[in-house]
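In our numbering, the protein residues as written are -1 to 385. For every residue, glycine included, the Cβ atom is placed at its ideal position computed from N, Cα and C.
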């Protein structure tokens, strides 16, 4: 074999070795995330315990229709779920406010910063700094709250490095959810009775105003009831009229029997005095300026306004009670369907599933890169042949 053949064979061997090395390096780069995931989840990742609870938010109402499953059981008891409020409670449980209150009752950082937790899962870590914002984002990975729109159930799941920690956190979060529902109830009741309360206050103020007006009238006119005063005056006019008739009869008799009698002048003067008394009493009743008729008219108007105020006050009092009853009917309840449990085995992380997921993404990514490189090579080779 000539030296030329030996050199060519050496170059082919070297080229083949280089191609194999490139393929090995290529697969190593492409599969490195899977290798790291298998190493991490298989040997490094710490076990995490999961405590789960389920609850439903409902309002007290009349049962309606025929429902199935849990919804039917709740509505047979006169209970109706409120999905909007379920989402509100869900949002609260995953909020910073809930985390702040939870941390005040059960310090969380020591429980998620245990020394035996792995370097990626514990807090703080290379993924999450020591700030409050970082801890909020970290805790969001350990807490899930999902509302099932079909059944109205909210599923609360909390992960912890110790079973007792996961259980305690879930239990306190449920308590916080109930407290939030109570706050919503207070808000519902306040909203329901706010308008009725303002109307009742206006009705009470109107009643006081009319009562004060009636009292002021009686004090100013020095009479409790102008109608009774008018009746007394009318009775007096009647008596005076009777006396006037008697006096005129006596005048007629005296004029007929003794026209020159000195008693005639006295009797005529008495008739004039009685006439003046009757006229004075009539002026008190029907006089234009502050007469009894005017007093009665003003007094009756005040009494009518007071009567309207009394009726309005009674009606608004009934409306107030109705608003309170409606508020109680709309009151929310957090019904614990599944109490938090103390886990006896760690189910997180799902090692095989996560590793397989990473591998699947690796394969898809590798195929995409392979197709891109193949396309670039074919385009380059075609350009060379064209030139």
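Subject >> Residues bridged to residue 37 (per DSSP) >> reply: If you number the chain shown from 1, residue 37 lands on position 39. None, per the DSSP bridge assignment.
Original post:
Short check: CB of residue 275 to CB of residue 238, under 7 Å?
Top reply: Looking up residue 275 in the chain shown gives position 277. Looking up residue 238 in the chain shown gives position 240. Yes, they are a contact pair.
Subject >> C-alpha gap between residue 292 and residue 326, whole angstroms >> reply: For this step, residue 292 is matched to residue 294 along the chain shown. For this step, residue 326 is matched to residue 328 along the chain shown. If you take the alpha carbons of residue 292 and residue 326, they lie about 51 Å apart.
**OP:** Could you tell me if residue 118 is buried or exposed, where buried requires 16 or more neighbouring beta carbons within 10 angstroms of its beta carbon?
**Re:** Indexing the chain shown from 1 puts residue 118 at position 120. Exposed is the call here.
Subject >> One or two residues paired with residue 47 in a DSSP bridge >> reply: Position 49 of the chain shown, counted from the first residue, corresponds to residue 47. DSSP output for residue 47 lists 158 as bridge partner(s).
**OP:** Report the rounded CA-to-CA distance for residue 46 versus residue 155, giving the unit in angstroms.
**Re:** Within the chain shown, the letter at position 48 stands for residue 46. Within the chain shown, the letter at position 157 stands for residue 155. Distance between the alpha carbons of residue 46 and residue 155: 12 Å.
Subject >> Candidates 36, 299 and 342: closest to residue 161 by CA position >> reply: Taking the chain shown and counting its residues from 1, one reaches residue 161 at position 163. Taking only the C-alpha atoms, the option nearest residue 161 is 342.
**OP:** Could you tell me which of 169, 40, 136 and 204 sits nearest to residue 397, measuring between CA atoms?
**Re:** Because the chain here runs from -1 to 385, residue 397 falls outside it and cannot be looked at.
Original post:
Ordered along the chain, which non-local residues of its own chain (more than five positions away) have a Cβ less than 6 Å from that of residue 144?
Top reply: For the purposes of this step, residue 144 is taken as the residue at position 146 of the chain shown. Here the set comprises 153.
Original post:
In terms of residues, what are the limits of the beta strand (DSSP E) holding residue 333?
Top reply: Locating residue 333 in the chain shown gives position 335, where the first residue counts as 1. Residue 333 -> beta strand (DSSP E) spans 330 to 336.
Subject >> Counted within 10 angstroms of its Cβ, other Cβ atoms place residue 96 as buried (16 or more) or exposed >> reply: Position 98 of the chain shown holds residue 96. Buried, because 16 or more other Cβ atoms sit within 10 Å of the Cβ of residue 96.
**OP:** Could you tell me whether the stretch 193 to 200 touches the stretch 102 to 109, using the rule of 3 or more Cβ pairs below 8 Å?
**Re:** no
Subject >> Buried or exposed (CB count within 10 angstroms, at least 16 for buried), residue 56 >> reply: The residue labelled residue 56 in the question sits at position 58 within the chain shown. Residue 56 should be labelled buried.
Original post:
Excluding the five sequence neighbours on either side, which residues of its own chain have a C-beta within less than 8 Å of the C-beta of residue 335, listed in chain order?
Top reply: Within the chain shown, the letter at position 337 stands for residue 335. If we look at residue 335 and ignore the five residues flanking it on each side, its Cβ neighbours are 52, 53, 54, 68 and 151.
Original post:
What does DSSP give as the partner residues of residue 367 in its beta bridges?
Top reply: Start at 1 with the first residue of the chain shown, and residue 367 comes out as number 369. Residue 367 is not bridged to any residue.
Original post:
Does the stretch 304 to 318 touch the stretch 129 to 136, meaning 3 or more C-beta pairs lie closer than 8 Å?
Top reply: No: fewer than three Cβ pairs fall under 8 Å.
**OP:** Could you have a look at residue 68 and say whether DSSP puts it in helix, strand or coil?
**Re:** Taking the chain shown and counting its residues from 1, the one referred to as residue 68 is at position 70. With a pLDDT of 44 at residue 68, under the threshold of 50, the modelled position of that residue is not reliable, and no figure is offered here.
Original post:
For the alpha helix (DSSP H) that contains residue 112, what are its first and last residues?
Top reply: As a first step, residue 112 is located in the chain shown; it is residue number 114 there, counting from the start. Residue 112 -> no alpha helix (DSSP H), and no H or E assigned at all.
Original post:
Between residue 44 and residue 116, which are expected to be in contact by the criterion C-beta below 8 Å, what is the C-beta distance as a whole number of angstroms?
Top reply: Position 46 of the chain shown holds residue 44. Position 118 of the chain shown holds residue 116. About 5 Å separates the two Cβ atoms, so the contact holds.
Original post:
Candidates 355, 300 and 376: which alpha carbon is nearest residue 210's?
Top reply: Sequence index remark: in the chain shown, residue 210 carries index 212 (1-based). Nearest C-alpha to residue 210: 300.
Original post:
For residue 245 versus residue 218, is the C-beta distance shorter than 7 Å?
Top reply: Here residue 245 refers to the residue found at position 247 of the chain shown. Here residue 218 refers to the residue found at position 220 of the chain shown. No, these two residues do not count as a Cβ contact at 7 Å.
Subject >> 7 Å Cβ cutoff met for residue 204 and residue 338 >> reply: Working through the chain shown from its first residue, we reach residue 204 at position 206. Working through the chain shown from its first residue, we reach residue 338 at position 340. For residue 204 and residue 338, no; Cβs fall outside 7 Å.
Subject >> Three-pair Cβ contact test at 8 Å for the stretch 25 to 35 versus the stretch 352 to 371 >> reply: yes
Subject >> Exposure of residue 158, with buried meaning 16 or more beta-carbon neighbours within 10 Å >> reply: By 1-based counting over the chain shown, the position of residue 158 is 160. Residue 158 comes out buried.
Original post:
DSSP on residue 206, reduced to helix/strand/coil?
Top reply: Counted from its first residue, the chain shown places residue 206 at position 208. DSSP places residue 206 in helix when its eight states are reduced to three.
Original post:
Can the beta-carbon of residue 266 be found less than 7 Å from the beta-carbon of residue 249?
Top reply: Taking the first residue of the chain shown as 1, we reach residue 266 at position 268. Taking the first residue of the chain shown as 1, we reach residue 249 at position 251. Yes, Cβ-Cβ distance for residue 266 and residue 249 is below 7 Å.
**OP:** Pull up the CB-CB distance for residue 90 and residue 340, whole angstroms please, since I reckon it's below 8 Å.
**Re:** Mapped onto the chain shown, residue 90 falls at position 92. Mapped onto the chain shown, residue 340 falls at position 342. Rounded, the Cβ-Cβ distance is 25 Å, inconsistent with contact.
Original post:
What separation, rounded to the nearest whole angstrom, lies between the Cα atoms of residue 200 and residue 94?
Top reply: Against the chain shown, residue 200 aligns to sequence position 202. Against the chain shown, residue 94 aligns to sequence position 96. If I take the Cα positions, the gap works out to 42 Å.
Original post:
What are the partner residues of residue 143, as DSSP defines its beta bridges?
Top reply: Walking along the chain shown from the start, residue 143 turns up at place 145. Answer is 154, bridged to residue 143.
Original post:
Are the beta-carbon atoms belonging to residue 319 and residue 190 less than 7 Å from one another?
Top reply: Along the chain shown, one-based indexing puts residue 319 at 321. Along the chain shown, one-based indexing puts residue 190 at 192. One thing to note: residue 319 has its Cβ no nearer than 7 Å to the Cβ of residue 190.
**OP:** Check the C-beta distance from residue 100 over to residue 174 and give it rounded, since I have them as a contact under 8 Å.
**Re:** On the chain shown, residue 100 is found 102 positions in, with the first residue counted as 1. On the chain shown, residue 174 is found 176 positions in, with the first residue counted as 1. That belief holds up - the Cβ atoms of residue 100 and residue 174 are roughly 6 Å apart, short of 8 Å.
Original post:
Comparing the CB of residue 239 with every heavy atom of the ligand SAH, is any distance shorter than 6 Å?
Top reply: This structure lacks the ligand SAH, and indeed carries no ligand of any kind.
Original post:
Does the Cβ of residue 331 have 16 or more other Cβ atoms within 10 Å, making it buried, or fewer, making it exposed?
Top reply: Here residue 331 refers to the residue found at position 333 when the chain shown is read from its first residue. Residue 331 comes out buried.
Subject >> Reference residue 114, options 374, 42 and 363, closest by Cα >> reply: Position 116 of the chain shown, counting from 1, holds the residue named residue 114. Residue 114 has its Cα closest to that of 42, out of 374, 42 and 363.
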